[in-house]
Structures are given as C-alpha cells and as structure tokens.
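Each residue of the sequence shown is one higher than the last, beginning at 264 in this note's numbering. Beta carbons are placed, not taken as given, at the ideal position from N, Cα and C, and that holds for glycine. Model, not experiment: these values are computed from the prediction. First up is the structure itself, then whatever we jot down about it.
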Amino acid sequence: MQATVRTYDQQTRSGTVFLDDGSVLTFGTRAFDAGPLRLLRSGQRVNIKVADGEITVITLSTFPLPE
C-alpha cells in the first residue's frame with residue numbers, strides 16, 4: 264500500500280501518513296526501524312505494510328517492503 268508522509272519526528276522516528284483516500288494513519292518507531300530508512304520528509308511517497316489497522320513497516324516507494 265502507498266501513502267504520503269504527513270509528519271515525521273526525527274527524534275522519536277515516528278509520524279503520520281496520508282493514505283490515498285485522505286485518511287491519516289500513525290506509525291511508530293518500530294515501523295520506521297523495520298525498514299532501511301534514516302529519515303523522512305513531508306510529502307514523500309512511501310510504501311507501508313498495515314496489519315490490524317497499524318503500520319508495521321514504512322519505507323520509500325522506490326524500496327521494496329521487507330518480507
């Protein structure tokens with residue numbers, strides 16, 4: 264699934280994304296650390312993996328999601 268970064272806090276490595284339908288989901292440190300990222304910026308397109316309504320992995324749209 265793809266989304267757009269809404270906010271990102273570099274200190275906590277957490278933030279929010281807009282889904283393509285306009286809804287907002289929050290991601291935590293665990294989801295950020297599950298991918299190869301170092302930072303994110305507002306407006307970046309990302310790939311996300313969602314389980315039970317929670318983002319479990321977030322990475323740039325040009326990177327594959329980890330298995």
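Close Cβ partners of V311 (< 6 Å) along its chain, the five nearest in sequence each way excluded:
Taking the first residue of the sequence shown as 1, we reach residue 311 at position 48. It is worth fixing the name first, because residue 311 is Ile in this sequence and not Val. Taken in chain order, the residues that qualify are M264, A266, I318, I321.
Return the first residue and the last residue of the alpha helix (DSSP H) that D296 is part of.
As a position in the sequence shown, residue 296 is number 33, starting the count at 1. Counted as a single uninterrupted DSSP element, the alpha helix (DSSP H) harbouring D296 occupies residues 292 to 296.
Based on Cα-Cα distance, which residue from G285, V268, E330, D283 lies nearest to G291?
Sequence index remark: in the sequence shown, residue 291 carries index 28 (1-based). Per the Cα distances, V268.
Simplified DSSP assignment, three categories, for S277
Counted from its first residue, the sequence shown places residue 277 at position 14. DSSP, read as helix, strand or coil, puts S277 in strand.
May I ask you to report which of helix, strand or coil DSSP gives L288?
Counted from its first residue, the sequence shown places residue 288 at position 25. In the displayed model, L288 falls within a strand according to three-state DSSP.
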